[in-house]
Amino acid sequence: MQIRRAEEKDVEFIVDMFSRMYSLNSEFDPLLEIPDDIDERLRKSIIEDLRSENSVVVVAEDEGKVIGAARVRINKRRYYVPEAVALIEEIYVMPAYRREGVGDMLLNYVSQELKKKNVRSITARFPAKNLIAVSFYKKRDFREIHYEFIKKLE
Numbered sequence: 002m003q004i005r006r007a008e009e010k011d012v013e014f015i016v017d018m019f020s021r022m023y024s025l026n027s028e029f030d031p032l033l034e035i036p037d038d039i040d041e042r043l044r045k046s047i048i049e050d051l052r053s054e055n056s057v058v059v060v061a062e063d064e065g066k067v068i069g070a071a072r073v074r075i076n077k078r079r080y081y082v083p084e085a086v087a088l089i090e091e092i093y094v095m096p097a098y099r100r101e102g103v104g105d106m107l108l109n110y111v112s113q114e115l116k117k118k119n120v121r122s123i124t125a126r127f128p129a130k131n132l133i134a135v136s137f138y139k140k141r142d143f144r145e146i147h148y149e150f151i152k153k154l155e
């Protein structure tokens, strides 16, 4: 198994995995409804991020098969230091490969790439009811720093 930077040949595999993730997220809360054109939106943004200096997109590969992926974007904070902070937009591992350390491998690879870009903090955002994600990040020394609330306007 290896982790490597994603390439354009990987886009459809990544779209499939991230689309699965967003579909699952929509089951956590009706306010996380996904649009009908989710695959098209993902495809466009992944291609943009593959070409961007402010993104890191990686895949996990096992015997030539893409089995996981992560995408991280580097953002600038105006009112805090350090100014550059990375946000894990997506991290997904195919169900058959979970609990084998693939998520850790993706996170470690991304972290090393971010350090090369002089980014020293990484954040994650995911649905509050996703207790698997809560557990994953807490076990890796992430901690809560912000809360985000939403209210549907009628």
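Going by the working numbering, the sequence shown opens with residue 2, and the numbers climb by one from there.
Think of the CB as a built atom: it goes at the ideal place given N, C-alpha and C, for glycine as much as any other residue.
Three-way DSSP call (helix, strand, coil) for ARG72 in this model | Taking the first residue of the sequence shown as 1, we reach residue 72 at position 71. In this structure, ARG72 counts as strand in the three-state DSSP scheme.
N-terminal and C-terminal residue of the beta strand (DSSP E) that VAL58 is part of | Within the sequence shown, numbered from 1, the residue matching residue 58 stands at position 57. Run containing VAL58: 56-63, per the beta strand (DSSP E) assignment.
Looking only at its own chain, which residues have a Cβ that is under 7 Å from the Cβ of ASP40, when we skip the five neighbours before and after it?
-> What you label residue 40 is simply residue 39 of the sequence shown in a count that begins at 1. Residues of the same chain with a CB within less than 7 Å of the CB of ASP40, apart from the 5 flanking positions on each side, are VAL16, SER20 in chain order.
Does the segment 107-122 come close enough to the segment 61-75 to have 3 or more Cβ pairs within less than 8 Å?
-> yes
Beta carbon of ARG126, beta carbon of LEU154: below 8 Å?
-> For the purposes of this step, residue 126 is taken as the residue at position 125 of the sequence shown. For the purposes of this step, residue 154 is taken as the residue at position 153 of the sequence shown. Contact: no.
Is the segment 84-98 close to the segment 117-124, with three or more CB pairs under 8 Å?
-> yes
Distance, Cα to Cα, VAL94 vs ARG5?
-> As a first step, residue 94 must be located in the sequence shown, where it is residue number 93. As a first step, residue 5 must be located in the sequence shown, where it is residue number 4. For VAL94 and ARG5, the distance between alpha carbons rounds to 14 Å.
Does the distance from the CB of ALA7 to the CB of VAL82 come in under 8 Å?
-> Locating residue 7 in the sequence shown gives position 6, counting from the first residue. Locating residue 82 in the sequence shown gives position 81, counting from the first residue. No.
Top-ranked residue by Cα proximity to PHE143, from VAL135, MET18, PHE150 | In the sequence shown, the residue the question calls residue 143 occupies position 142. Among VAL135, MET18, PHE150, the Cα nearest to that of PHE143 is on VAL135.
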